[in-house]
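Each remark here refers to the structure printed beneath this line.
Number of protein chains: 2
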Amino acid sequence: MSSDPRAAGWALDPQLDRDTTAIGDMALCRVLLSKDANYPWLILVPRRRGAVEIIDLRASEQAQLMTEIADASIALKAVTGCDKLNVAAIGNVVAQLHVHVIARTRGDAAWPRPVWNAAPPRDYEAAARNQLTAALLQRLALTPI
Amino acid sequence: MSSDPRAAGWALDPQLDRDTTAIGDMALCRVLLSKDANYPWLILVPRRRGAVEIIDLRASEQAQLMTEIADASIALKAVTGCDKLNVAAIGNVVAQLHVHVIARTRGDAAWPRPVWNAAPPRDYEAAARNQLTAALLQRLALTPI
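If you read the sequences in order, they're chains H and D. For the record, in the first sequence the residue sitting at position 102 is 102 according to the numbering used here, with numbers rising by one throughout. For the record, in the second sequence the residue sitting at position 126 is 126 according to the numbering used here, with numbers rising by one throughout.
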């Protein structure tokens, strides 16, 4: 995946950087954990300069993105025991292509609505975030950044 | 794609049926047009009995789903000239796996927020809906239902 010339010079969008903690790299995507403790919430960012839409990726990269969405989904569901996964590429505010993979639980801060603009963000306690990150790292084969 | 035993006995969820007009079938998914005229809005429903999450599909079906999301995205963008595509599998209310592919335009009824719970739905005029459906059918190779 790293032979694509659009991998060179890729940099994470500053707002995504502010709102998340990076936990490692898949073959295509950087994996971020949202700082909002209301929902265990991963964000996958394909490391491809200029990609805004899924269809800006090559077909092989789109397939890889789906594989990585599935891997992240399986890990997040196993670690959290959530009732539902929400998977979304929205990007109306932050243009850089990114895919949300969110663990939803009946009765969570936004349930059953989608999470956006639904509840004020809540900070993690450091121990809880570290425990979640460690559990995810145990299930996902990530390259350290 | 139709050899999967979970294709037999599949039926569209009644709420999805009420909220949309079916426009045809891709190899894996039924393609629906939302009745909400605020945004040109397709919904792809894999014809697989019992599928709730993307990860309930086999890996080959997940790859096919991504191909169909891309095909729908390209057609919807070409037909609408939208500013952004929103792609999402939420399913907190309707459990049957379905993927939204929504054409967003700066200044539309919800912009820049995601569309859910953002603006009251608006009915299409029949002529506008027929024109949109015809333009989509011209670009998507769909099997009539």
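Built from N, CA and C at the ideal position, the CB exists for glycine as well. Computed from a predicted model, the values in this text were never measured in an experiment.
- For P46/H, the enclosing beta strand (DSSP E) stretches over residues 41-46.
- Looking at the backbone, the Cα of A75/D and that of Y124/H are separated by about 41 Å.
- Of all residues in the stretch 80-106 of chain H, only K84, L85, N86, V87, A88, A89, I90, G91, N92, V93, R104 place a beta-carbon less than 7 Å from a beta-carbon of chain D.
- Residue pairing by DSSP puts C29/H in a beta bridge opposite P46/H.
- In the displayed model, K84/D falls within a strand according to three-state DSSP.
- Taking 7 Å as the Cβ-Cβ cut-off, the stretch 111-128 of chain H approaches chain D at W111, P112, R113, P114, W116, N117, given in chain order.
- Proximity to L65/H across A78/H, K84/H, L44/H peaks at L44/H, based on C-alpha coordinates.
- Taking CB atoms only, M26/H has no neighbour in chain D less than 7 Å away.
- Listed in chain order, the positions of the stretch 65-77 of chain D with a beta carbon within less than 8 Å of a beta carbon of chain H are L65, M66, T67, I69, A70, S73, I74, K77.
- Each of Q138/D, W41/D, A134/D was checked against the Cα of D108/D, and the nearest Cα belongs to W41/D.
- Residue-level contact by beta carbon fails for Q15/D and chain H, as no gap is shorter than 7 Å.
- Taking 4 residues as the shortest admissible run, the stretch 43-130 of chain H contains the following complete alpha helix (DSSP H) segments, listed from N- to C-terminal end: 59-80.
- Shortest Cα-Cα distance from M26/D to any of P46/D, A7/D, A11/D, L16/D involves P46/D.
- Distance check between R106/D and each of E61/D, K35/D, T80/D, L137/D places T80/D closest, using alpha-carbon atoms only.
- Taking CB atoms only, I55/D has a neighbour in chain H less than 7 Å away.
- The three-state reading of DSSP puts A7/H in helix, counting H, G and I together.
- Excluding residues up to 5 positions away in sequence, V52, L97, H98 lie with their Cβ nearer than 7 Å to the Cβ of G91/H in the same chain.
- Around the beta carbon of N117/H, fewer than 16 other beta carbons lie within 10 angstroms, which makes this residue exposed.
- Using a Cβ-Cβ cut-off of 7 Å, A51/D is close to nothing in chain H; its nearest Cβ partner there is about 12 Å away.
- Interface residue (Cβ-Cβ distance to chain D less than 7 Å): A22/H is not classified as such.
- Taking every protein chain shown into account, the CB of P144/H has fewer than 16 other CB atoms within 10 angstroms, so this residue is exposed.
- For L16/H, the uninterrupted alpha helix (DSSP H) run begins and ends at 14-19, by DSSP.
- If you compare the alpha carbons of Q138/D, A88/D, L12/D with that of C29/D, the shortest gap goes to L12/D.
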